[in-house]
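Take a look at the structure set out below.
2 protein chains.
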Amino acid sequence: MSENRLSSSEFPAASHQDGDAASPRRRGSRKSAGGVTLRDVAQLAGVAPITASRALNTPSAVSPKVLQKVREAVEKTGYVPNLLAGGLASNKSRLVAVVVPTVIGPVFQEIVHTLTETLAAAGYQVMLGQSGYENSREDALLEAIIGRRPDGVVLTGIMRSAEARKRLLASGIPVVETWDLTPTPIDMLVGFSHEAIGREVARYLHQRGRKKVAVVGGRDERSQRRMNAFAQECVALGMHEGRAPLPMHHVTAPTTLGQGRQGLAELLQAQPDLDAIFCSSDLLALGVMIEAQSRGIAIPEQLAVVGFGDLEFSRDLQPRLTTVRIDGTGIGQRAARFIIDRAAGIEVAERVVDVGFSIIARDSA
Amino acid sequence: MSENRLSSSEFPAASHQDGDAASPRRRGSRKSAGGVTLRDVAQLAGVAPITASRALNTPSAVSPKVLQKVREAVEKTGYVPNLLAGGLASNKSRLVAVVVPTVIGPVFQEIVHTLTETLAAAGYQVMLGQSGYENSREDALLEAIIGRRPDGVVLTGIMRSAEARKRLLASGIPVVETWDLTPTPIDMLVGFSHEAIGREVARYLHQRGRKKVAVVGGRDERSQRRMNAFAQECVALGMHEGRAPLPMHHVTAPTTLGQGRQGLAELLQAQPDLDAIFCSSDLLALGVMIEAQSRGIAIPEQLAVVGFGDLEFSRDLQPRLTTVRIDGTGIGQRAARFIIDRAAGIEVAERVVDVGFSIIARDSA
DNA sequence: GTGAAAGCGCTAACAG
DNA sequence: CTGTTAGCGCTTTCAC
Chain A
1 MSENRLSSSE FPAASHQDGD AASPRRRGSR KSAGGVTLRD VAQLAGVAPI TASRALNTPS
61 AVSPKVLQKV REAVEKTGYV PNLLAGGLAS NKSRLVAVVV PTVIGPVFQE IVHTLTETLA
121 AAGYQVMLGQ SGYENSREDA LLEAIIGRRP DGVVLTGIMR SAEARKRLLA SGIPVVETWD
181 LTPTPIDMLV GFSHEAIGRE VARYLHQRGR KKVAVVGGRD ERSQRRMNAF AQECVALGMH
241 EGRAPLPMHH VTAPTTLGQG RQGLAELLQA QPDLDAIFCS SDLLALGVMI EAQSRGIAIP
301 EQLAVVGFGD LEFSRDLQPR LTTVRIDGTG IGQRAARFII DRAAGIEVAE RVVDVGFSII
361 ARDSA
Chain L
1 MSENRLSSSE FPAASHQDGD AASPRRRGSR KSAGGVTLRD VAQLAGVAPI TASRALNTPS
61 AVSPKVLQKV REAVEKTGYV PNLLAGGLAS NKSRLVAVVV PTVIGPVFQE IVHTLTETLA
121 AAGYQVMLGQ SGYENSREDA LLEAIIGRRP DGVVLTGIMR SAEARKRLLA SGIPVVETWD
181 LTPTPIDMLV GFSHEAIGRE VARYLHQRGR KKVAVVGGRD ERSQRRMNAF AQECVALGMH
241 EGRAPLPMHH VTAPTTLGQG RQGLAELLQA QPDLDAIFCS SDLLALGVMI EAQSRGIAIP
301 EQLAVVGFGD LEFSRDLQPR LTTVRIDGTG IGQRAARFII DRAAGIEVAE RVVDVGFSII
361 ARDSA
């Protein structure tokens, strides 16, 4: 059994003179990477490594004199702490894994951006992972994440497999799920109800007297849930005969403007007298608007259009797009706070937060 | 929190009994993080830790029998290697830092996406950093990056300060700069010439008989360089009298559709007879198109519009947008390859690659 | 093919 | 406030 303890005779006591023992290389052992280490800084400052460490991490715990000497040594040597080593020793990696289906497309940008910024300000780095819209790569991704021992994981609209969820939970890493209100959160949750959105949009259109509604939506699960709730509520409100299903055009995520154009074209073919369309993204909505325009269909007079996401451009379209706004920044900030607090040992009271949504009523509906 | 560490008594020593010396905890020293370690796996498999390590990292270097036993032990314990520890010992972090001005906005999505995917496939994780469009936060970001000892850094359109560049170079980390062809690359470079784009677009419009051109562009440096080269070439081609400066509307990055609308409005006020506009992003171009439309200006008949970026939606606009295409995927792949090769000890022959660009001629110009 | 020893660079724990 | 000691969990080196 390897007892890899170092006999003290190999370590000349650091306090008294040690002649050429200052050389960090003993015997013919290991090649050092060549960088400046804390040891070098400490030596230059004339203190023990741990003191130099304290000067850098808890300046208030050392004397001003030592603090200054260490800082000078850092300056002189260009020392940059090795966070890998620090993380290993302290069991805090200061790394947070952020997983999104994809960074392509505008949907998750706001969350990724906010997390990166907020966490960076608190001394954390973001490790980005893309899960894709299929579940196949989740396992490999999870392994890569857990292997880094992050101080937290933020999951956005993903991690379906029960196996993966169990593993994450077992790892003991704080997990924040976002972008949905799942019934059985792994750990913490910041999201909103896709069903509520579908219902609310149906009521919105109903109030405005629309009678012939249809949907263009992504095939991903969350989009489906919005769409189905929307359809159900439409039936409940008498906007649609329960017999035939509500006209729906399904597209593959991530959604595109082109899909929106095509969607309207196909829906119109089946049902030329549509007077309202709910799209599962603003990009789809823009496509619908452009297609309508090129066919001489007036928006909102003849056709009402509602999007989802409230992208930056939506307010500047002609007509301005009515859409559903999700506060991605707010979600990102709360998720970051959850993890930061947890790392600081603060137990969060509210582990599930519904950030809600709002329908931004503009001109298109 | 479940302390799911397996005490050695739960793992019968497979080789020979070694009393309580097998206990990894000596004295009242350090608390272990609670995870399964390689040591646990090795013990369960009845081999030395180093052998278990080899079974996982270089399976071909151990006997099939050992390989199987180790794999079973991994399975049974749910062991996930601690990459922090591995990185510290091997001096390879398998981490690549990717720095972009911001992930908000469509410009850098393709690069971030491709890098994340390509590097993940090769066993690397992406650490995301946002530098903003000002240079102020570069230092802190750099410190955070170098501290992780990444195996590579990909810089996209940033790192202006000479100080920061020097520090990166001194750190010895392979660096790939992208999105530009700087005269003095830090290390490796995959980019294109913003000046060449400006000139080429000017010629394109000249060939199509445009005479009164203007520009809507971001204030960031790269955009400026495109715009200035464009203006210069316009003068050279006689499209603009050298006396007055070319009409330019400057906007703050990241660019938006709204800025495009406003840009056209203001340019038109000063120069009502414009017949062509070069925008520094497709989003700006879309704004220009929408504004033109709402004013009854026909595109391309009365006004030609050229964008930059060839966003996914541009081909589906009405009229379809003529724009400049940059192969973000190609850039990402090359950048990833540079770093992977370098980590493998392969010296790359071509350290500077010009990926060029192409003008996608569609209907708007 | 396998293993013992010796750290990678840092911090927690416990003294003084 | 400062230092000593003992590792964090892994891999490199060198020996068998």
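Line by line, the protein sequences are chains A and L. Numbering-wise, the UniProt record's numbering puts 71 at position 71 of the first sequence, and it's gapless, one number per residue. Numbering-wise, the UniProt record's numbering puts 59 at position 59 of the second sequence, and it's gapless, one number per residue. Positions of the beta carbon are idealized from the N, C-alpha and C atoms, including for glycine. Keep in mind that this is a model prediction, so the values were computed, not measured.
Under the three-state reduction of DSSP output, V41 of chain A falls in the helix class. When rounded, the separation of the alpha-carbon atoms in G86 of chain A and L88 of chain L is 10 Å. The bridge partners DSSP lists for Q130 of chain A are A:V100.
Contact between G152 of chain A and I339 of chain A holds, since their C-beta atoms are separated by about 3 Å, short of 8 Å.
For E163 of chain A and I173 of chain A, the gap between their C-alpha atoms comes out near 16 Å.
Separation of the CB atoms of G217 of chain L and G258 of chain L is rounded to 15 Å, and the pair is thereby denied contact status at 8 Å.
Under DSSP, the beta-bridge partners assigned to M248 of chain A are A:V215. Straight through space, the alpha carbons of G332 of chain A and M248 of chain A are spaced by roughly 32 Å. When the Cα atoms are used, V70 of chain L and L119 of chain L turn out to be separated by approximately 27 Å. Interface flag for I339 of chain L against chain A is unset, since no Cβ pair is found closer than 8 Å. Of all residues in the segment 312-323 of chain L, the ones placed with a Cβ closer than 8 Å to any Cβ belonging to chain A are E312, F313, R315, D316, L317, Q318, in chain order.
The segment 191-205 of chain A makes contact with the segment 299-308 of chain A; the number of CB pairs closer than 8 Å reaches 3 or more. No Cβ-Cβ contact shorter than 8 Å links A52 of chain A with V36 of chain A.
Neighbours of I146 of chain A across chain L, judged by C-beta separation under 8 Å: V80.
Contact between the segment 291-298 of chain A and the segment 258-276 of chain L is absent, with fewer than three C-beta pairs closer than 8 Å.
For a cut-off of 8 Å, the C-beta gap from I186 of chain L to V80 of chain A is around 17 Å, too long to register as a contact.
Counting along the chain, T256 of chain A sits inside no beta strand (DSSP E), nor does DSSP assign it H or E at all. Of all residues in the segment 121-134 of chain L, the ones placed with a Cβ closer than 7 Å to any Cβ belonging to chain A are Q125, V126, M127, L128, Q130, in chain order. I277 of chain L and V213 of chain L have their alpha carbons spaced roughly 6 Å apart. Non-local beta-carbon contacts of R94 of chain L in its own chain, meaning distances under 7 Å to residues more than five positions away in sequence, involve L83, G87, G123, Y124, Q125, D151 in chain order. Sequence-ordered contacts of the segment 280-300 of chain A with chain L read L283, L286, G287, I290, E291, Q293, S294 [C-beta pairs closer than 9 Å]. Identification of chain L residues near S93 of chain A by a Cβ-Cβ cut-off of 8 Å yields L84, ordered along the chain.
Per DSSP, the unbroken alpha helix (DSSP H) holding G147 of chain L starts and ends at 138-147. Against chain L, the beta carbon of E117 of chain A has neighbours under 7 Å at Q130, listed in chain order.
At the C-beta level, T178 of chain A and V190 of chain A come within 8 Å of one another.
For the C-beta of I104 of chain A, the chain L residues within less than 8 Å are, from N- to C-terminus, Q109, E110, H113. The C-alpha of I104 of chain A is placed about 28 Å away from the C-alpha of E200 of chain A. Straight-line spacing of the CA atoms in K65 of chain L and S90 of chain L works out to 26 Å.
No residue range can be given for R94 of chain A, since it is assigned to no alpha helix (DSSP H) and is classified by DSSP as neither H nor E.
Considering only beta carbons, the part of the segment 230-262 of chain L lying closer than 7 Å to chain A consists of T256, L257, G258, R261, in chain order. Between L88 of chain L and chain A, the shortest Cβ-Cβ separation is below 8 Å.
Of all residues in the segment 151-173 of chain A, those with a C-beta nearer than 8 Å to a C-beta of chain L are R167, A170, S171, G172, reading in chain order. For the 8 Å CB-CB criterion, R225 of chain A and E195 of chain A form a contact. As the crow flies, the alpha-carbon of R137 of chain L is around 28 Å from that of F313 of chain A. Beta-bridge partners of S358 of chain L (DSSP): L:R325. Within the model, the alpha-carbon separation for S193 of chain L versus I158 of chain L is close to 15 Å.
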